[in-house]
Amino acid sequence: MELLRSLTIGQYVPRASPVHRLDPRTKILATTVLMVVVFLARDFRGLGVFAAFLAGAVVLSQVPAGFVLRGLRPIWFLLLLTLVLQVFFGGASGGTVLWRLGPLVATREGLVQGLFVTARLVLLVVSTSLLTFTTSPVELADGMERLLNPFRRLGVPAHELAMMMTIALRFIPTLVEETEKIMKAQMARGADLDTGGPLRRARALVPILVPLFVSAFRRADELAVAMEARGYRGGEGRTRMKQLRYRARDLWAGLVVVGASVLVLWSGGP
Amino acid sequence: MSDPVVVCEGLTHVYLRGTPFESVALRGVDLVVRRGECLGLVGPTGSGKSTLVQHFNGLLRPTEGRVWVDGVEIRPGTAVVREVRRKVGLLFQYPEHQLFEATVFEDVAFGPRNLGLDPEEVQERVRESLEWVGLDPDRFGPRSPFSLSGGEMRRVAIAGVLAMRPQVLVLDEPTAGLDPEGRREILSRVRDLHRKAALTVVLISHSMDDVARLCQRVVVLHRGQVFLDAPVREAFAQSDRLRSIGLDVPRVTDVLLRLKAAGLPVRCDRLTVEEACEEIVRVLQGNRRWSSSEA
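Just so you know, the sequences run in chain order A and B. Reading the first sequence from the start, the letters are residues 28 to 297 in our numbering. Reading the second sequence from the start, the letters are residues 97 to 391 in our numbering.
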């Protein structure tokens, strides 16, 4: 019954670590760089260096390692599928044959390739979830807004996007909680949510979705009124209480990320 | 009167175990709800009241400890849990947020239909439940639940639980957010259900006045543990202990305590206005007799 339990991906873990204290813009940029680097790495040596660097960052962030790994749970099926597909179809034809299954041929090259792609996916997910583990949604939105600001002239609604993101992120836990409460209330009235065929199950969702929508609209209304009551009139001329400022540690972090990237590319790059 | 309906033994519940958000909601709670009683469950916000009652019908599973309902232990297994959900009716906070059907009748019928009853039986139960909460089935039945007032919506939600014909009715702050008229209406309905329909009632409330008026026994939870478990009169006589954890005593008790502090030798274990009046009159008359004999 604890829906929140499985939702560790994208969840903020409050700590006072050096990683948490970095400017959100630094972390967003660093994550972007890392995402590119993980795709540029060409062999296991490169990924190994990358993994070592990432492990160091996780330790430094004080986020429990088990919690980070639990974030992989929702995508284990994707990982497995990737591995299987790569094993059978990833290797070039004419590789060393490991075993045959009818028309399917598993090659040694395919296996290596499969492991490589899977490892790459895992590292990708871990590095992006490290961003959300160590950056509160408000900081994240703030950083995005500042990074997008230069593109405002091109018509990118930076403030509105950031505000929408903040509100959406803010209400995920609220809606999850609300869903859980409504599910329990209907189960207390004998609702049966997890037996029967697909049609029956879909119909069983009605008693949950209707109250959920009603309450979401009610909340949206209340929030709009509360924001206007406090003088919200859009992003124009809006000042902020917490000014983002790059500090020395952001420079150092940037250098470390660039250094690690160079090392990854040099040890196994093109 | 005295056989137990719900029994909790060493009940411990930990939320989000194994994550950085782990929190212990209940620690080793022992509790017995007896058939036919009205039990008040009080405690500061976050003391575990709502968590505790969700174990009564198997919505939550104990992390440690055991729970019995009507002599049967709640274990994972659909048959037992389904049976328990029928026996223990649980009304959440702000239950009007769970209404979803197009009409009041349909919404109240949701529970009985889930039990697989035939249409006549469903119809009968809906009418009966709506009457119990003081809503005329012919007038309110065809209306949309979303067109009703807050108090009426809440009574529809209560009817929805009553239509399951539970033996135990658990109400989680049934009067929160209602106007005085709505509060009185709900409380007098609950009292009727307890006295006339012989329902076992567990009432979670922040209002000590409501608890004093309705319940025979109080269980106080504090930080997930049973802080006090006593008959109402005894419980509210311990005003200092209650106040030490941020709770209060009923207003009647408060008046008597102040009189006593001012030097009038009243007994403080009176719960209703009438009882308190009698007590004050008794003491004052005693005083007059004493002072006139003196003169």
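Glycine residues also receive a C-beta, built at the ideal position from the N, C-alpha and C atoms.
Cβ of residue i within 7 Å of any chain B Cβ
i	result
A275(A)	no
P238(A)	yes
V85(A)	no
P51(A)	no
P234(A)	yes
I36(A)	Model confidence at I36(A) stands at a pLDDT of 49, short of 50, so the residue's coordinates are unreliable and nothing is read from them.
G296(A)	Residue placement at G296(A) cannot be trusted, given a pLDDT of 49 that sits under 50; what the coordinates show is reported in the next sentence. For G296(A), the answer is no, since every Cβ of chain B falls outside 7 Å of its Cβ.
Range covered by the alpha helix (DSSP H) that runs through residue i
i	result
S284(B)	P276 to R291
D248(A)	V233 to A256
E187(A)	A185 to A215
G175(A)	The sequence given here has Leu at residue 175(A), not Gly. That run of the alpha helix (DSSP H) goes P164 to L175.
F71(A)	F71 to S88
V348(B)	R347 to A357
F236(B)	P233 to F236
Beta-ladder partner(s) of residue i, from DSSP
i	result
A326(B)	V314(B)
R127(A)	V132(A)
E160(B)	T108(B)
G136(B)	L299(B) and V314(B)
P100(B)	R130(B)
Q321(B)	H318(B)
E169(B)	W164(B)
CB contact below 7 Å: residue i versus chain A
i	result
R58(B)	Any answer about residue 58(B) is impossible in this case: the structure gives chain B only from 97 up to 391.
V102(B)	no
Q381(B)	no
L211(B)	yes
L47(B)	The question about residue 47(B) has no answer, for chain B in this structure spans 97 to 391.
P116(B)	yes
R181(B)	yes
L137(B)	no
L186(B)	yes
L226(B)	no
F201(B)	no
L299(B)	no
L265(B)	no
L122(B)	no
L155(B)	yes
F332(B)	no
F236(B)	no
F196(B)	yes
Contacts of residue i in chain A (Cβ-Cβ under 8 Å)
i	result
Q150(B)	K211
CB contact flag (residue i, residue j, <7 Å)
i	j	result
M304(B)	P346(B)	yes
L127(B)	E118(B)	no
T109(A)	G122(A)	no
F196(B)	P238(A)	yes
G170(A)	R276(A)	no
Q189(B)	D268(B)	yes
T349(B)	R131(B)	no
V163(B)	V264(B)	no
L87(A)	V46(A)	yes
V149(B)	V328(B)	no
V65(A)	L150(A)	yes
V286(B)	V138(B)	no
A163(A)	Y39(A)	The sequence given here places Ser at residue 163(A); Ala does not occur at that position. Cβ atoms of S163(A) and Y39(A): closer than 7 Å.
F115(A)	L131(A)	yes
F77(A)	V241(A)	no
V222(B)	A259(B)	yes
V335(B)	L353(B)	In the sequence as displayed, the identity of residue 335(B) is Ser instead of Val. Cβ distance < 7 Å, so S335(B) and L353(B) count as in contact.
Within chain B, partners of residue i - CB distance below 7 Å
i	result
R216(A)	F206, G207, N210, G256, V257 and M260
V40(A)	P116
F94(A)	T115 and P116
P91(A)	P116
K269(A)	Going along chain B, no residue has its Cβ under 7 Å from K269(A), so there is no contact; the nearest lies around 24 Å.
Contacts that residue i makes with chain B (C-beta to C-beta distance below 8 Å)
i	result
S242(A)	H193
Element boundaries [beta strand (DSSP E), containing residue i]
i	result
R123(B)	S119 to R130
G185(B)	V184 to L187
L265(B)	V264 to D268
9 Å Cβ cut-off: residues of chain B touching residue i
i	result
D248(A)	What D248(A) touches in chain B: nothing, since even the nearest Cβ is about 14 Å away.
Beta-carbon neighbours of residue i, restricted to chain A and to distances below 9 Å
i	result
R239(B)	What R239(B) touches in chain A: nothing, since even the nearest Cβ is about 16 Å away.
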